[in-house]
Structures are given as C-alpha cells and as structure tokens.
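Every number in the working numbering is 16 more than the matching position in the sequence shown, counting from 1. C-beta: ideal position from N, C-alpha, C; glycine also. Note sheet for the following structure.
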Amino acid sequence: MHGKLLPLAGLYLVQGLPYGLQSGLLPVLLRARGLSLTRVGLAKVLYAPWLFKLVWAPLVDTWGSLRTWLTLSTAALGLACGLLAALPPAEAGQAGLPSTVAGLLLLLNLAAAVQDVALDTLAMQLLEPSELGPGNTVQVVAYKLGAVLALVPPISWALLFQLLAATYWLVAALAWVAPALQQLPPPQHSEPPRHVLHLWQDLLAVPGTLWTVGFVLTYKLGEQGAGSLFPLLLLDCGISTSELGLWNGVGAVVCSVAGSSLGGVLLAKHWQPLPLLRSVLWFCLGGLACQTALIFPLDAPAAQLGTCTVLRGAALLSLCLQHFLGGLVTTTTFTLMMHCSQLAPSALQATHYSLLATLELLGKLLVGSLAGALADSLGPHLCFCFFLVVSATPILYLGLAPSTLA
C-alpha cells in the first residue's frame with residue numbers, strides 16, 4: 017500500500033500550496049488594507065473554477081491518460097506561478113488585488129481543479145475499498161501540509177512564486193516518468209459519449225448519491241461561515257497580522273492535520289464513516305457553541321485582545337479546536353464520498369466523484385462568500401447564532417442515510 021500512497025501524497029502536497037496562499041494569506045492581507053468583511057468574502061470568487069470540474073471530468077474519464085492530465089495540469093500551475101512572480105501583489109493607492117494578479121490566481125485555480133479531477137481518479141483506481149481510510153487521510157493531510165508550507169517562509173512575493181513554479185515543474189517531470197502512472201490502464205472508449213441528460217441520470221442513479229449530495233452541501237455550512245469570520249474579528253480586536261497569520265495559517269493547518277490523522281487512525285481501526293461522523297459532528301457543534309459565546313466579549317466596544325490574556329487564550333484555543341475537529345470530519349466525509357463513487361461504473365467514477373467534490377466545495381464557498389455580508393448586515397452575534405443553528409442540520413440528516421453507505 018505504501019507504493020500507492022507515496023505518489024498520491026506528493027501530488028496532493030503540491031496541490032495544497034495555492035490553497036494556503038489564498039485561504040490563509042489573502043483574506044488577512046485584504047482586511048489589513050481596510051476592505052470590508054463583505055469584500056474580503058467576495059474574494060473567494062477566485063475559487064470559481066473548482067465549481068466547474070464537471071465540465072472536464074468526463075474528458076478525464078474518457079480521453080488521454082491520467083499521466084498526461086496530471087503532467088499538463090501541474091506544468092500549467094508552474095506557468096501561472098512563474099507569471100505571478102513577475103507581478104507585484106498590489107499597486108500604489110489600490111486596496112484590492114490588481115486585475116492581472118486576480119486573473120492569474122483564477123488561472124492557478126483552474127489548473128489546480130483540473131489536476132484535482134485527474135488525481136482523484138488516480139486515487140480511486142489505485143486504492144482498494146479497505147485502503148480508502150488511509151488513502152483519504154494521506155489526501156487531506158498532504159493537501160493541508162502543502163497549504164501550510166506556502167505560509168511558513170517569510171520571503172518576498174516574487175521569490176515565493178519562483179519557488180512554487182520550480183516545484184510544480186519538477187513534480188510535472190516526475191509525474192511523467194513515474195512507473196506507477198505508466199502502468200495505469202488506458203481509458204475505455206467502448207461506449208459513445210453520453211448525452212448530458214443521460215449522464216446526469218446515470219450519476220444520480222448510483223446508490224446513495226442523492227443522500228450524499230445533500231450531506232456534502234450542508235455538513236460544513238456553520239463551520240465554514242464561522243471559520244471565515246472569526247479570524248477577521250480577532251484582527252479587529254487587536255491581534256497583529258503576523259500573529260494571526262501564524263495561528264490561522266500554520267497553527268490552524270497543524271491542528272487540522274492532527275484531526276485528519278486521527279480520522280485516518282479511527283477509520284483504519286474499522287470505524288465506519290457514518291457512526292464516526294455522527295459523533296464528530298456533535299463535538300463540532302459544541303465547539304462552535306463555545307466560539308459563539310466568545311463573540312459577545314470580543315464584540316464589546318472596548319475589547320482588546322492584547323490586554324486580556326484569558327480572552328486571548330480562549331479565542332486562540334477555540335480557533336485551533338475548530339480546525340482540529342474540521343480536519344477530522346473532512347477526512348471522514350471524503351472517505352464516505354469515495355466509497356459512494358466506487359459504487360459507480362468505472363467509466364463514471366471520476367465524473368461521479370467530481371460531482372460530489374464540486375458540491376462539497378459549493379456548500380463551503382457559498383457560506384464563506386456570504387459570511388462577511390451576513391456579519392455586516394446582522395452583526396456578529398446574530399450571524400454566529402445562525403451558524404450554530406445551521407450546524408445542527410447535518411446531525412439530523414445522518415439519520416436518513418441509506419443502508420448502501422453503511
């Protein structure tokens with residue numbers, strides 16, 4: 017099994033690099049320049065290419081080899097990073113990102129989304145059902161380690177993207193010559209291309225799909241909304257951008273990786289995903305309740321975390337706890353998604369998993385993009401109470417899970 021997990025770990029590691037930059041660095045950078053919570057949230061539109069993975073997933077299923085898709089998409093990531101290295105992240109007198117930089121970040125996400133389709137297909141072809149738990153742990157942990165690696169070195173914008181470009185081109189070359197990828201079977205062309213309507217019918221007919229769609233759309237709504245706002249509220253209360261970047265970047269990813277690793281251990285010890293999700297989501301709800309209670313003293317007119325050690329410690333502990341539980345629930349959910357996709361015919365598995373992964377991202381992006389607007393209009397108190405209520409929905413929904421996913 018180690019021979020399968022090593023190439024998957026390397027590819028998921030480099031895929032997480034741009035996510036770390038955009039989720040950990042970009043929001044803090046924009047908020048520090050005075051942008052409203054609404055505008056900071058709308059910067060998540062740069063993730064839009066991830067919502068259109070279903071457009072090219074059928075192509076990955078039926079045309080070319082996985083080695084070609086992985087090599088070209090990884091090389092495209094290197095090209096985008098090389099161009100970003102030549103451009104400044106900000107122009108004089110401009111609060112937001114320059115349009116050229118925003119466009120290249122959009123291209124970066126497009127290449128990463130194509131790579132993700134091919135990489136998930138590779139994982140489903142390589143892993144046996146009994147290997148899904150460890151395999152998805154490697155997926156989530158390696159991705160998040162890549163995200164934190166992009167935040168660790170205090171180097172300039174140009175040098176950072178030069179290093180990223182060199183890394184992507186090296187990985188693209190290694191992917192092309194990797195023996196494990198050369199031995200994969202070619203895609204099957206025995207069936208004519210499906211009509212779009214027939215394709216959707218086939219996808220939704222896979223056992224457990226409709227229930228899984230509902231779950232992945234809702235399981236992170238509350239957590240993602242709170243996770244988007246809470247660090248920015250800490251910034252408003254006096255925590256410096258460098259310290260917040262450390263806790264919300266490196267610290268958050270370390271806690272998330274620890275949670276994901278625990279999820280993998282529990283799944284490897286024959287815990288089933290559904291019972292594990294039920295237990296973990298209750299802990300997530302309790303953690304979010306504690307974070308919601310902290311909003312009241314944090315939103316007080318004279319609240320300054322620099323002078324209140326207890327409040328500061330509780331806020332940072334709450335931040336780390338939510339990321340730990342989030343990592344645990346993510347690994348378990350991705351294992352459930354891959355189990356559902358393996359019930360589909362082999363020619364549909366990449367498209368089926370892309371459907372689930374796209375909807376999972378849609379649920380997170382929707383509330384993450386609107387969280388700032390909700391906080392600006394309702395205020396932090398009502399906004400976090402809303403997130404708390406929403407977080408109870410997936411716990412109730414688990415009671416409707418079909419037996420095919422048990």
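Rounded to a whole number of angstroms, what is the C-alpha to C-alpha distance between residue i and residue j?
| i | j | result |
| --- | --- | --- |
| Val87 | Trp185 | Note on identity: in this sequence residue 87 is Thr, with Val being the wrong assignment. Looking at the two C-alpha atoms, the distance is approximately 9 Å. |
| Gly243 | Ser385 | 12 Å |
| Gly379 | Phe312 | 27 Å |
| Ala189 | Gly280 | 30 Å |
| Leu333 | Phe340 | 10 Å |
| Leu42 | Tyr63 | 13 Å |
| Tyr35 | Tyr159 | 9 Å |
| Tyr28 | Thr325 | 38 Å |
| Gly26 | Leu398 | 42 Å |
| Asp136 | Leu375 | 15 Å |
| Leu176 | Pro291 | 42 Å |
| Pro74 | Leu219 | 11 Å |
| Ser258 | Val269 | 16 Å |
| Ala129 | Gln31 | 9 Å |
| Leu138 | Leu82 | 7 Å |
| Ala108 | Gly80 | Since pLDDT at Ala108 reaches only 48, below the 50 mark, its modelled position is unreliable, and the value read off the structure follows with that caveat. Each residue's alpha carbon lies about 45 Å from the other. |
| Thr116 | Arg294 | 44 Å |
| Pro396 | Ala181 | 40 Å |
| Gln307 | Thr78 | 47 Å |
| Gly230 | Trp216 | 16 Å |
| Phe402 | Leu314 | 18 Å |
| Ser276 | Pro114 | 36 Å |
| Ser206 | Thr367 | Any reading at Ser206 is ruled out, since the residue's pLDDT is 46, under 50, leaving its predicted position unreliable. |
| Leu148 | Ala221 | 22 Å |
| Leu359 | Thr225 | 10 Å |
Mapping DSSP to helix, strand and coil, what is residue i?
| i | result |
| --- | --- |
| Val222 | coil |
| Trp79 | coil |
| Pro104 | coil |
| Tyr28 | helix |
| His286 | coil |
| Tyr369 | helix |
| Gln131 | helix |
| Ser172 | coil |
| Cys423 | In this structure the chain extends from 17 to 422, so residue 423 is not present and cannot be described. |
| Pro247 | helix |
| Glu144 | coil |
| Tyr413 | helix |
| Ala408 | coil |
| Ser206 | For Ser206, the pLDDT reaches just 46, beneath the cut-off of 50, and the residue's location in the model is therefore unreliable, leaving the point undetermined. |
| Ala181 | helix |
| Gly238 | helix |
| Ala360 | coil |
| Gly395 | coil |
| Pro43 | helix |
| Pro418 | coil |
| Pro114 | coil |
| Ala194 | coil |
Assuming the contact rule is C-beta atoms closer than 8 Å, residue i and residue j should be a hit. Round their C-beta distance to whole Å, please.
| i | j | result |
| --- | --- | --- |
| Leu335 | Pro247 | 7 Å |
| Cys300 | Val345 | 6 Å |
| Val187 | Thr90 | 5 Å |
| Leu67 | Ala96 | Wrong, their Cβ atoms sit about 18 Å apart, outside the cutoff. |
| Leu372 | Met353 | 5 Å |
| Val304 | Leu412 | Per the sequence shown, the amino acid found at residue 304 is Leu instead of Val. About 16 Å separates the two Cβ atoms, so there is no contact after all. |
| Trp227 | Pro361 | That pair is no contact at about 19 Å. |
| Leu250 | Leu262 | With a Cβ gap of about 12 Å, Leu250 and Leu262 do not count as contacting. |
For the alpha helix (DSSP H) holding residue i, just list the boundary residues, first then last.
| i | result |
| --- | --- |
| Lys160 | 148 to 165 |
| Tyr63 | First-last for Tyr63: undefined, no H or E at that position. |
| Gly342 | 325 to 357 |
| Pro34 | 33 to 36 |
Please name the residue in the options whose C-alpha comes closest to that of residue i.
| i | options | result |
| --- | --- | --- |
| Gln131 | Leu226, Leu33, Val61 | Leu33 |
| Leu126 | Gly238, Met140, Ala92, Leu161 | Ala92 |
| Thr420 | Leu337, Leu37, Pro150, Cys356 | Cys356 |
| Val406 | Gly149, Gly241, Met354 | Gly241 |
| Thr409 | Lys236, Ala274, Ser276 | Lys236 |
| Leu364 | Gln38, Gly119, His214 | His214 |
| Tyr369 | Leu70, Gly415, Val61, Leu278 | Leu70 |
| Pro223 | Asp392, Ala422, Lys20 | Ala422 |
| Pro23 | Leu283, Leu100, Ser146, Gln155 | Gln155 |
| Val61 | Ser393, Leu416, Leu382 | Leu382 |
| Thr348 | Leu219, Thr308, Gly151 | Gly151 |
| Cys253 | Ala194, Leu359, Pro114, Ala331 | Ala331 |
| Val232 | Leu250, Leu161, Thr351, Leu21 | Thr351 |
| Glu144 | Leu21, Ala134, Ser172 | Leu21 |
| Leu37 | Val164, Leu99, Asp392, Leu278 | Val164 |
| Gly267 | Ala118, Trp287, Gln358, Leu161 | Leu161 |
| Gly342 | Val273, Leu390, Ala387 | Val273 |
Any heavy atom of the ligand ADP closer than 7 Å to the CB of residue i?
| i | result |
| --- | --- |
| Thr308 | Among the ligands in the structure shown, none appear at all, so the ligand ADP cannot be discussed. |
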